Amino acid sequence: KAGVTQTPRYLIKTRGQQVTLSCSPISGHRSVSWYQQTPGQGLQFLFEYFSETQRNKGNFPGRFSGRQFSNSRSEMNVSTLELGDSALYLCASSLLTSVGNTEAFFGQGTRLTVV
Amino acid sequence: AQSVTQLGSHVSVSEGALVLLRCNYSSSVPPYLFWYVQYPNQGLQLLLKYTSAATLVKGINGFEAEFKKSETSFHLTKPSAHMSDAAEYFCAVSSNTGNQFYFGTGTSLTVIP
């Protein structure tokens, strides 16, 4: 069974640019959530999608957005990049059999560096 | 609101010694608790999870954790540390509204040969 696939693994962007990250969840999983991991802030929740609808959103500015397609693949977009957006972005996929009682399977992440 | 607190950002143990990583939770409802491990430049891998079925939870790689409601704790243990256990460990609690996890700040485990 294939795991969670995130592409690309590494990205270098310039301040002011925008970036799109992709996540393909495990087959059959309809819930996808995104996290930002930095040394200073740790793992912070960005947003969650379930059946193409954003269900939860973390405390991030509007520059961070996402979407989910009918095949459950998800993308997140960051516009007007800032140096502080440099981080490991992790995607998690879940079967979500019942609310809360689930486990998240994580991809290897996309390492974004903003210069 | 749910949250977890990990005590000790760095833990060092000798190879073969007991591993104890501490996690305390705060939750207004019975929580679902998890331990994840992260190796350098990798995503998170689930070690074990507590879902109220049993207070002592056994996970992969010889790890286990005990849920203690009276102490609001979910500490991770392993009887004998291996060099391959060196990694970052995260305790997490899931929300009641979906696939959202609240993570602790992590504990970096070093195993000394």
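Protein chains in written order, with our numbering: chain A, 1 to 115; chain B, 1 to 113. All C-beta atoms in this analysis are idealised placements derived from N, C-alpha and C, irrespective of residue type, glycine included. No experiment lies behind these values; they were computed from the predicted model shown.
Asked: Local conformation of isoleucine 26/A per DSSP, three classes; Found: coil
Asked: Selection from Thr51/B, Ser73/B and Ile60/B that minimises the alpha carbon distance to serine 84/B; Found: Ile60/B
Asked: Under 7 Å (Cβ pairs) to chain B, residues found in the stretch 42-63 of chain A; Found: Gly42, Leu43, Phe45, Glu48, Phe50, Arg55 and Asn56
Asked: C-beta atoms of tyrosine 32/B and tyrosine 50/B nearer than 8 Å; Found: yes
Asked: Closest residue to glycine 62/B among Phe34/B, Leu47/B, Val111/B and Ala54/B (Cα-Cα distance); Found: Leu47/B
Asked: C-beta neighbour in chain B for serine 130/A, strict 8 Å; Found: Within the shown structure, residues of chain A are numbered from 1 to 115, placing residue 130/A beyond reach of any answer.
Asked: Neighbourhood of valine 78/A by C-beta, 7 Å cutoff - its chain only, sequence neighbours within 5 removed; Found: Gln18, Val19, Arg63, Phe64 and Asp85
Asked: Cβ-Cβ distance between serine 94/A and asparagine 99/B below 8 Å; Found: yes
Asked: Length of the line joining the Cα atoms of histidine 82/B and phenylalanine 90/B; Found: 18 Å
Asked: According to DSSP, residues forming a beta bridge with methionine 83/B; Found: Beta-bridge pairing links methionine 83/B to no other residue.
Asked: Integer Cβ distance of leucine 46/A from methionine 76/A, believed to fall under 8 Å; Found: 7 Å
Asked: Rounded C-alpha distance that separates cysteine 23/A from glutamine 6/A; Found: 5 Å
Asked: CB-CB length for arginine 15/A against leucine 81/A, believed under 8 Å; Found: 6 Å
Asked: Reduced DSSP category for leucine 76/B - H, G, I as helix; E, B as strand; rest coil; Found: strand
Asked: Reduced DSSP secondary structure (H/G/I, E/B, other) of asparagine 61/B; Found: helix
Asked: Cβ of serine 94/A within 8 Å of any chain B Cβ; Found: yes
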